[in-house]
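Reading through the structure tokens given below for one structure.
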Amino acid sequence: MSEANNSGGLTEYITHHLGHNAGQALGGTFHFDSWLIALTLGLIFVAWFAFFARRATAGVPTKGQAFVELVMEFVDGQVKDTFHGNRNSVTPLALTIFMWVVFMNTMDLIPLDLPSFLITHTAGAEAAHHTYFRMVPTADLNTTLALSVTVFFILIGHALAAKGGFGFGKELLTAPFHAHGIGAIILAPVNLAMNIIEWLVKPISLAMRLFGNMYGGELVFMLIAGLMSGWVTFLPGVIANAAWGIFHILIILLQAFIFMILTVVYIAGAREGH
Numbered sequence: 123m124s125e126a127n128n129s130g131g132l133t134e135y136i137t138h139h140l141g142h143n144a145g146q147a148l149g150g151t152f153h154f155d156s157w158l159i160a161l162t163l164g165l166i167f168v169a170w171f172a173f174f175a176r177r178a179t180a181g182v183p184t185k186g187q188a189f190v191e192l193v194m195e196f197v198d199g200q201v202k203d204t205f206h207g208n209r210n211s212v213t214p215l216a217l218t219i220f221m222w223v224v225f226m227n228t229m230d231l232i233p234l235d236l237p238s239f240l241i242t243h244t245a246g247a248e249a250a251h252h253t254y255f256r257m258v259p260t261a262d263l264n265t266t267l268a269l270s271v272t273v274f275f276i277l278i279g280h281a282l283a284a285k286g287g288f289g290f291g292k293e294l295l296t297a298p299f300h301a302h303g304i305g306a307i308i309l310a311p312v313n314l315a316m317n318i319i320e321w322l323v324k325p326i327s328l329a330m331r332l333f334g335n336m337y338g339g340e341l342v343f344m345l346i347a348g349l350m351s352g353w354v355t356f357l358p359g360v361i362a363n364a365a366w367g368i369f370h371i372l373i374i375l376l377q378a379f380i381f382m383i384l385t386v387v388y389i390a391g392a393r394e395g396h
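In the numbering used here, the protein residues as written are 123 to 396.
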């Protein structure tokens, strides 16, 4: 049973769960919960894969090694089908994005009231009521924007590596509307504006797509928990949460895959000319 019936109703219940454990840092608001969980999950991913990579054998693999190899082969296969250059740096990036986003998305399957339950039984109900802690980093726009902005700078790096500074700058001014002579000078501002929009849309679309799907999924869990918080509706609430959770697993994996594959597609596009 959720804490909705012990608070000010459904609105307050949802508002409380949408609050972040935030503080002031570097002149702005910093969400400590999103940062802490994202960092912890990233370190778990690195430690997990490094553990089996160091103990990999040529013989019959263990179940853990087989799973890691399966994931790596899947990601490398997707990169190979999309990116037709040297994959030495692209595949590790794609693997990191996919697994890290899967880990962060999966936090949406943890019961909403678990943090409140733990705080209540350690510090009391009053402390739980005034403590905010969101478990899903990818339901925080700050997290998804940070990921997409990082990808954006990686794209810039690939474009510069493939075309050089002069070639990249020339492409910004001469594509997609190619012209010669005075026409090239007239169309240069138009080309530059369109290329800037094209480049900026990429990180924004990556961030908003992931954030929107995970925020919406988290909100559905909150609505189910808040509306079915009584003893009479407890069993229907469990069934509804379980049904949505099973369906949400598909969203968790699909959104991680989309973020990964779009990153690879954007890298391939950045290295190619118009």
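Glycine is no exception: its CB is placed at the ideal position from the N, C-alpha and C atoms.
Cα-Cα separation between residue i and residue j, rounded to whole angstroms
i: Pro233; j: Gly348; result: 13 angstroms
i: Phe220; j: Ile136; result: 29 angstroms
i: Ser129; j: Asn264; result: In this predicted model, Ser129 has a pLDDT of only 48, less than 50, meaning its place in the structure is not dependable; the value taken from the coordinates is given anyway. Rounded to whole angstroms, Ser129 to Asn264 spans 28 angstroms at the Cα level.
i: Leu240; j: Glu340; result: 20 angstroms
i: Gly338; j: Lys285; result: 40 angstroms
i: Leu192; j: Ala172; result: 15 angstroms
i: Lys324; j: Ala188; result: 34 angstroms
i: Ile318; j: Lys202; result: 28 angstroms
i: Ile361; j: Val342; result: 14 angstroms
i: Val312; j: Lys292; result: 13 angstroms
i: Gly303; j: Gly207; result: 34 angstroms
i: Ala306; j: Leu314; result: 12 angstroms
i: Ile278; j: Gly287; result: 10 angstroms
i: Ile346; j: Glu134; result: 14 angstroms
i: Val168; j: Arg177; result: 14 angstroms
i: Ser238; j: Leu322; result: 39 angstroms
i: Ser156; j: Asn143; result: 8 angstroms
i: Gly186; j: Pro214; result: 19 angstroms
i: Thr266; j: Phe275; result: 14 angstroms
i: Gly359; j: Trp170; result: 35 angstroms
i: Gly149; j: Leu161; result: 21 angstroms
i: Asn210; j: Glu394; result: 18 angstroms
i: Phe356; j: Gly131; result: 16 angstroms
CB-CB length for residue i against residue j, believed under 8 angstroms
i: Leu231; j: Gly367; result: 6 angstroms
i: Val197; j: Phe174; result: Wrong, their Cβ atoms sit about 15 angstroms apart, outside the cutoff.
i: Ala378; j: Asn227; result: 6 angstroms
i: Met229; j: Ile166; result: Contact flag wrong, Cβ pair sits at about 12 angstroms.
i: Gln146; j: Phe152; result: 7 angstroms
i: Ile389; j: Val212; result: 6 angstroms
Contact check, residue i vs residue j, beta carbons under 9 angstroms
i: Leu328; j: Val258; result: no
i: Thr204; j: Val386; result: yes
i: Ile374; j: Ala216; result: no
i: Ala261; j: Phe333; result: yes
i: Leu269; j: Val223; result: yes
i: Arg392; j: His300; result: Per the sequence presented here, residue 392 reads as Ala, with Arg not at that position. No, these two residues do not count as a Cβ contact at 9 angstroms.
i: Phe255; j: Leu163; result: no
i: Met336; j: His139; result: no
i: Arg331; j: Phe381; result: yes
As assigned by DSSP and simplified to three states, the class of residue i
i: Phe152; result: strand
i: Ser129; result: Because Ser129 sits at a pLDDT of 48, beneath the cut-off of 50, its placement in the model cannot be relied upon, and the following sentence gives the value as read from the coordinates. In this structure, Ser129 counts as coil in the three-state DSSP scheme.
i: Gly145; result: strand
i: Ser327; result: helix
i: Gly207; result: coil
i: Leu140; result: coil
i: Glu394; result: coil
i: Tyr254; result: coil
i: Thr266; result: helix
i: Pro214; result: helix
i: Phe196; result: helix
i: Thr184; result: coil
i: Gly164; result: helix
i: Ile380; result: helix
i: Gly303; result: coil
i: Met316; result: helix
i: Asp230; result: helix
i: Met344; result: helix
i: Met221; result: helix
i: Met336; result: helix
i: Arg176; result: helix
i: Ala283; result: helix
i: Pro298; result: coil
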